[in-house]
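Residue numbers (the numbering used here): 4 to 133.
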């Protein structure tokens, strides 16, 4: 039987919408969508690079709570509200994951939950070893 661990961060939408920040199911660890929301407030308003870096920090902190690190990351997804942010967000991704080189998807979306969100990320890690 596979052990499943579900952890929340106490973020403003987790309890209301019924989700966890991170779930580990066996060797797989997944984050919910992460933005630059800290203590209920959007940080780095207007700065896609800083929002991306903050969102990845939040995701990696969540993964660390279930035993995963950046080297374990196998997939990332990035959602941006304007295609003009793609290169900036991609470079911010490279700063975090360039040595790891997970598979990645970057999608332009019509909008995110808060109007100040420019980017949202999801991260998946595999802890199965070689």
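Ideal placement from N, C-alpha and C gives every residue a C-beta, glycine not left out.
query, result
"Only counting runs of 3 or more residues, tell me where the beta strand (DSSP E) segments fall wholly within the stretch 28 to 87, in order along the chain.", "31 to 34 and 76 to 83"
"Assign residue 39 to buried or exposed, taking buried as 16 or more other Cβ atoms, counted over all protein chains shown, within 10 Å of its Cβ.", "buried"
"Tell me whether residue 44 is buried or exposed, calling it buried when 16 or more other Cβ atoms sit within 10 Å of its Cβ.", "exposed"
"Which of the three DSSP states is assigned to residue 113 in this structure?", "coil"
"Just to confirm the assignment, what range does the alpha helix (DSSP H) spanning residue 92 have?", "89 to 100"
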